[in-house]
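In this note's numbering, the protein residues as written are 6 to 393.
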């Protein structure tokens, strides 16, 4: 169980945004009568341990997940998956974690920031009130960054923070702002907003760890004023000096490293690195027609001989005809029996002298013959024709 908890902690440390977590175990069952063994693989559909995934925003959520996992009896969980009591749990073989990254989650919750953010001279963390030392709980970290950017002193942020928030919203139940809403906030406060993120890069060869910055979202506006934000989990911190923010900047598309944020921005505008999909046998292409193959042999077919001059389409409608009495009439719960019958058909065509028409059909689908009653009696030789 300790190894399982450590694995969840490593997943949390590798994630830099809010995510949802669920897990499933693979196990082997043994049949006492037949001496057979049966492997049950982990599955996200019907073998999840948690009924609903945990949403993990910060270390407090991680602690709650840890308590929940430690309270689970894995062998008892596997016992409940048995087909019957003849099977026993032989071994728990593996575990699979299902991690869902949340792209557009509200940002504003106070989180426990890592050491490299708290000790950065270029970042004002804004995770705790400087006057009380208590964490902020109002989810207004974006507006605190804005107040600080507009020149407010760190010890007197609350008045300006409330002023900017009330200018944007009057909702008492505020969950924070999303990355998609930043464009609206830029327009409201007339400033460009760039969002960066610091990530730890571990070099296994040298056994060293370095900090690199990634551009999460750039502004597409052209205001004279620009604000830079650091995003960790669901919390914004204010970047007061971008030149001191990081010694290296990583492209989010191709992972190429740059020394300055300006060089990174210039590169990402033209970076064409995308996910390359490789398909066995190559990507799908339309097969050559017989006329294409003949053209490759320098045999040209006249255009008027390639296609039929006329086209006709038919639309058949069917219905189910009951062959047994309705269950309400019989008073039992036996299955109903019905047969599929043709009901009506119509055709659309471009054949000269051939009128478009609709006619009724009275024949079961699998009868092999169709009895057609034309609605326009003047069209055919008789009122009824039989077609095989």
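Even for Gly, the Cβ is constructed at its ideal location relative to N, Cα and C.
For residue i, the three-state DSSP class (helix, strand or coil)
i, result
"residue 259", "coil"
"residue 294", "coil"
"residue 110", "coil"
"residue 31", "strand"
"residue 165", "helix"
"residue 98", "strand"
"residue 133", "strand"
"residue 270", "helix"
"residue 59", "strand"
"residue 343", "strand"
"residue 144", "coil"
"residue 334", "Low per-residue confidence applies at residue 334: pLDDT is 49, beneath 50, and the placement is therefore not dependable, though the value from the model is reported in the following sentence. Reduced to three states, the DSSP call for residue 334 is helix."
"residue 25", "strand"
"residue 121", "helix"
"residue 116", "coil"
"residue 74", "helix"
"residue 173", "helix"
"residue 183", "coil"
"residue 79", "helix"
"residue 49", "coil"
"residue 155", "coil"
"residue 301", "helix"
"residue 288", "coil"
"residue 389", "The pLDDT assigned to residue 389 is 42, lower than 50, so where the model puts this residue is not dependable; a value taken from the coordinates is nonetheless given after this. It is a strand residue."
Identity of the residues DSSP links to residue i by a beta bridge
i, result
"residue 399", "In the structure as shown, the chain starts at 6 and stops at 393, and residue 399 therefore has no counterpart that could be examined."
"residue 197", "231"
"residue 237", "240"
"residue 103", "27"
"residue 222", "200"
"residue 128", "244"
"residue 93", "35"
Where the alpha helix (DSSP H) containing residue i begins and where it ends
i, result
"residue 252", "Here residue 252 belongs to no alpha helix (DSSP H), and DSSP marks it neither H nor E."
"residue 11", "7–19"
"residue 188", "187–194"
"residue 308", "308–311"
Closest by C-alpha distance to residue i, when choosing among the options
i, options, result
"residue 75", "121, 177, 12 and 90", "12"
"residue 41", "233, 82 and 94", "94"
"residue 193", "70, 151 and 308", "151"
"residue 198", "206, 172 and 244", "244"
"residue 183", "238, 321 and 298", "238"
"residue 70", "319, 196, 47 and 102", "102"
"residue 57", "51, 27 and 80", "27"
"residue 79", "285, 17 and 53", "53"
"residue 62", "321, 111 and 323", "111"
"residue 73", "84, 83, 59 and 242", "59"
"residue 47", "38, 304 and 29", "29"
"residue 43", "86, 250 and 140", "86"
"residue 181", "172, 106 and 148", "148"
"residue 163", "117, 146, 174 and 118", "146"
"residue 230", "170, 90, 191 and 295", "191"
"residue 312", "323, 222, 214 and 295", "295"
"residue 224", "214, 65, 213 and 187", "187"
"residue 114", "89, 236 and 343", "236"
"residue 409", "18, 290 and 9", "Shown here, the chain extends from 6 to 393; a query on residue 409 therefore has no answer."
"residue 25", "109, 37 and 270", "109"
"residue 268", "307, 247, 213 and 286", "247"
"residue 307", "266, 297 and 270", "297"
"residue 189", "179, 343, 200 and 173", "173"
"residue 432", "219, 104 and 346", "Beyond the ends of the chain as shown, which are 6 and 393, falls residue 432; an answer cannot be given."
"residue 134", "175, 270, 89 and 144", "144"
"residue 66", "35, 14 and 318", "14"
"residue 326", "346, 316 and 234", "346"
Terminal residues of the beta strand (DSSP E) in which residue i lies
i, result
"residue 323", "317–327"
"residue 43", "42–45"
"residue 86", "No beta strand (DSSP E) holds residue 86; DSSP gives it neither H nor E."
Inter-residue CB distance, residue i and residue j (contact presumed, cutoff 8 Å)
i, j, result
"residue 232", "residue 154", "5 Å"
"residue 98", "residue 33", "6 Å"
"residue 258", "residue 273", "7 Å"
"residue 132", "residue 141", "7 Å"
"residue 249", "residue 217", "So it is not a contact: roughly 15 Å between Cβ atoms."
"residue 23", "residue 123", "The Cβ separation is near 20 Å, so there is no contact."
"residue 91", "residue 50", "About 25 Å separates the two Cβ atoms, so there is no contact after all."
"residue 117", "residue 202", "The Cβ separation is near 16 Å, so there is no contact."
"residue 195", "residue 228", "5 Å"
Heavy atom of the ligand GDP within 6 Å of residue i beta-carbon
i, result
"residue 62", "Of ligands this structure carries none, so the ligand GDP is not represented either."
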